[in-house]
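Have a look at the structure below, then the notes.
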Amino acid sequence: MILMIDNYDSFTFNLVQFLGELGQELVVKRNDEVTILDIENMKPDFLMISPGPCSPNEAGISMEVIRYFAGKIPIFGVCLGHQSIAQVFGGEVVRAERLMHGKTSLMHHDEKTIFSDIPNPFTATRYHSLIVKKETLPDCLEVTSWTEEGEIMALRHTTLPIEGVQFHPESIMTSHGKELLQNFIRKYSPSVTSC
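So the mapping is simple: my numbering equals the position in the sequence shown, first residue as 1, plus 87.
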């Protein structure tokens, strides 16, 4: 089961629908209606932190969830969720030089984990005014996707099952968004064992 922390964003439903089409059972909880204990009792296989209209500091329980469950449950963040991951581990989230609302960009990537078998580059849709500042990124987070201008578009924790994307995989204008989400589930599924 995937537990989606909803940061009061209109895109959350699209993300949930995408994941449902991939055959995933989902539970959605708003960022102010669930506690750490509630989440522990639900025993989710994955945690997803949704986009949202605010900064990580205003995203309810989102950062606390990432901090507490890091290394215990695979975590995937989208947009605000991605920024929250960066901030929890010491990265700085700042105002972007360019506002990107409903605009597409080419995403270059490292072709690993969530980007396995996805064309490089591919087109993705962006809806954000904040961005993770590259110079502040801690050693435990690696950049896995970037724009032509070098903006961070995805991060992966170097030792824990945590990834985030700045762009919106669920957008109709994002190519290969469903495959990306499927890759996350496949890579970090509790039933998958590696040697």
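Heads up, the beta-carbon is just placed ideally off N, CA and C, and yes, glycines get one too.
These numbers come from a predicted model, not from an experiment.
* CB contact check: Leu124 to chain C, cutoff 8 Å -> Looking at the structure shown, chain C is missing, and only one protein chain is on hand.
* Asked: If you draw a straight line from the alpha carbon of Met135 to that of Glu222, how long is it in whole angstroms?
  -> 26 Å
* Could you tell me if Arg154 is buried or exposed, where buried requires 16 or more neighbouring beta carbons within 10 angstroms of its beta carbon? => exposed
* Asked: Going along the chain, which unbroken runs of the beta strand (DSSP E) with 3 or more residues stay wholly within the stretch 122–173?
  -> 133–136 and 162–165
* **Status (buried if at least 16 other CB within 10 Å, exposed otherwise) for Thr280** => With a pLDDT of 43 at Thr280, under the threshold of 50, the predicted position of this residue should be treated as unreliable, though the coordinate-derived value follows. Burial call: exposed.
* Quick one: what does DSSP say Tyr275 is sitting in, helix, strand or coil? -> helix
* Contact between the stretch 157–168 and the stretch 186–197: three or more CB pairs below 8 Å? -> no
* To do: Could you check which residue in Phe156, Trp233, Val219 and Ile249 has the C-alpha nearest to that of Glu127?
  => Phe156
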